[in-house]
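Below is one structure, written out as structure tokens; the observations come after it.
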Amino acid sequence: MIHSHPFVRDRILMTPLTLFDFNLSPLCSASSSYSRSSQFKFNSPSVLQRSLLTTVESRASTPKASTRIAIATNNNDSGPARNRFSVSSRRRALAFVATLPTILLWTEPSLEGLVAKADGLATSEYLLMKEEVRKVLSKGNAAGVLRLVFHDAGTFDMDDNSGGMNGSIVYELDRPENVGLKNPVKILDKAKTEVDAIRPASWADMIAVAGAEAVSVCGGPTIPVPLGRLDSMQPDPEGKLPQESLDAPSLRQCFQRKGLTTQDLVALSGAHTVGSKGFGNPTVFDNSYFKILLQKPWKSSGSMIGLPSDRALADDDECLRWITKYAESENMFFEDFKNAYIKLVNSGAKWKNS
Ligand code: HEM
Numbered sequence: 109m110i111h112s113h114p115f116v117r118d119r120i121l122m123t124p125l126t127l128f129d130f131n132l133s134p135l136c137s138a139s140s141s142y143s144r145s146s147q148f149k150f151n152s153p154s155v156l157q158r159s160l161l162t163t164v165e166s167r168a169s170t171p172k173a174s175t176r177i178a179i180a181t182n183n184n185d186s187g188p189a190r191n192r193f194s195v196s197s198r199r200r201a202l203a204f205v206a207t208l209p210t211i212l213l214w215t216e217p218s219l220e221g222l223v224a225k226a227d228g229l230a231t232s233e234y235l236l237m238k239e240e241v242r243k244v245l246s247k248g249n250a251a252g253v254l255r256l257v258f259h260d261a262g263t264f265d266m267d268d269n270s271g272g273m274n275g276s277i278v279y280e281l282d283r284p285e286n287v288g289l290k291n292p293v294k295i296l297d298k299a300k301t302e303v304d305a306i307r308p309a310s311w312a313d314m315i316a317v318a319g320a321e322a323v324s325v326c327g328g329p330t331i332p333v334p335l336g337r338l339d340s341m342q343p344d345p346e347g348k349l350p351q352e353s354l355d356a357p358s359l360r361q362c363f364q365r366k367g368l369t370t371q372d373l374v375a376l377s378g379a380h381t382v383g384s385k386g387f388g389n390p391t392v393f394d395n396s397y398f399k400i401l402l403q404k405p406w407k408s409s410g411s412m413i414g415l416p417s418d419r420a421l422a423d424d425d426e427c428l429r430w431i432t433k434y435a436e437s438e439n440m441f442f443e444d445f446k447n448a449y450i451k452l453v454n455s456g457a458k459w460k461n462s
């Protein structure tokens, strides 16, 4: 069942056989928490069949650092996809090596130095993910990508610590609440394939970064997303996402079980400012959601604006206080959305280095 989903199957079939073996001598005697094998040996999921092996030798600027990159390709896979990925992987590998001396400052073997190097590596990984996501993201598909974040993370339940931001959405696309999310996953799969050719990334990180980029592409706040989430290999429990028919107390309770406050609920619901629900310009992330909620246009006949859950927020005193603040100050909305988004994408996450 685990690998039966097309996106999982495609990942296995399509991942280029690429091995990056960074042999960085200053780290050989480093502390175990930054061991060479965990930090600098980048294996794609399919490194078993290394038939055609191309080695690129590169010396970084200091004599201490030598970097060896081996690109292995699978000669059994001779289709166009293989050509595309192997050429692109090589190009990426060379570009990555070329920038390594700038990214990593291999000078002193102190703990601080190692932490800085690890940060540098995380930064380069983040930039790479952002770059690839930007290539596939447009104002037109941003809303779907942002919705994907909530549908992955929103399964979190603090009571039994199940669900959360773990990439399991790729196994859950046939659920009724996830109708329409196959396309955003397909779009991100392209970006992930490119990222994976350099350094495998989790779906959870990809989706978290992509959602933040979707907000930014539509003119919303810049949201820095920490990386290192691990993917789950199975679907999350069902029935954890709120239904659109819920009233405000039930929505508040539902979010509370995910570690999210009423303020978070209202700020995050502001994501509905983009997309097809009628809150202003569908491709502009601004505070028109809150302005329109205050006007309650559905009271006048025939207006289809908003979901029942959006309307419910405007009828609740505590929610209304936040709605009013965000309608008055877009800056405040942006700041609170940013913080709530980071809480959302961290909820229930299992981390690589913990
Ligand atoms: C408060 C509880 C929520 C409920 C009940 C809810 C439900 C829904 C529903 C039913 C849709 C319409 C899907 C469709 O067009 O078929 C939708 C759209 C959307 N939701 Fe939510 N949602 C909630 C919270 C959130 C949160 C927290 C986010 C992100 C932070 C989010 C992001 C979006 C986006 C961006 C869309 C527009 C998608 C598009 O038009 O392609 N939602 N939501």
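Per the working numbering, the sequence shown starts with residue 109, numbered consecutively. Virtual Cβ for every residue (Gly too), placed ideally from N, Cα, C.
| Check | Outcome |
| --- | --- |
| P350 versus P343 - alpha carbon distance | 17 Å |
| Span of the alpha helix (DSSP H) around L428 | D425 to E436 |
| Between the CA atoms of H259 and V244 - distance to the nearest angstrom | 20 Å |
| Beta-carbon contacts of A420 that lie in its chain and below 6 Å, excluding the five residues immediately before and after | D355 and A356 |
| Pair within 8 Å by beta-carbon distance, P345 and S270 | yes |
| Closest Cα partner of N291 within the set W459, M266, Y434 and A250 | A250 |
| Nearest to S324 (by Cα), restricted to the options K385, A305, D268 and V253 | V253 |
| heavy atom of the ligand HEM below 7 Å from A379 C-beta | yes |
| Within 8 Å, strictly: CB atoms of L463 and S310 | In this structure the chain extends from 109 to 462, so residue 463 is not present and cannot be described. |
| C-alpha distance - K433 paired with L402, whole-angstrom precision | 11 Å |
| Neighbourhood of K451 by C-beta, 8 Å cutoff - its chain only, sequence neighbours within 5 removed | G367, L368 and D372 |
| A316 and M273 closer than 8 Å at C-beta | yes |
| W459: first and last residue of the uninterrupted alpha helix (DSSP H) it sits in | Looking at the DSSP string, W459 is not in any alpha helix (DSSP H), and its letter there is neither H nor E. |
| Same chain, Cβ closer than 8 Å to I413, five either side skipped, listed in chain order | K385, G386, F387, I400, P405 and W406 |
| F264: CB within 7 Å of a non-hydrogen atom of the ligand HEM | no |
| Assigned secondary structure, R337 (DSSP; H/G/I helix, E/B strand, else coil) | strand |
| Own chain, CB closer than 7 Å to N461, minus 5 neighbours either side, in chain order | G336 |
| Exposure of D304, with buried meaning 16 or more beta-carbon neighbours within 10 Å | buried |
| Residue closest to K458, alpha-carbon to alpha-carbon, out of M237, S276, C326 and N447 | S276 |
| Cutoff 6 Å; reference S411; Cβ partners in own chain excluding five residues on either side | P405 |
| Which listed residue (S232, T231, E239 and D268) has its alpha carbon closest to that of G456 | D268 |
| Sheet register partners of D265 (DSSP bridge) | S270 |
| Cβ pair C427, V374 closer than 8 Å | yes |
| Exposure label - A206; buried when at least 16 CB within 10 Å | Only weak support exists for where A206 lies, its pLDDT of 47 falling under 50; the coordinates are left without a value. |
| Cut-off 8 Å between Cβ atoms - residues of its own chain near A448, not counting five sequence neighbours on either side | L368, Q371, D372, A375 and L376 |
| DSSP three-state assignment for L354, whether helix, strand or coil | coil |
| Distance CB(H380)-CB(D424) smaller than 8 Å | no |
| S340 classed as buried or exposed, judged by whether at least 16 other C-beta atoms fall within 10 angstroms | buried |
| Per-residue burial, V382 [other beta carbons within 10 Å of its own, 16 or more giving buried] | buried |
| Rounded C-alpha distance that separates C362 from T231 | 34 Å |
| V287 classed as buried or exposed, judged by whether at least 16 other C-beta atoms fall within 10 angstroms | exposed |
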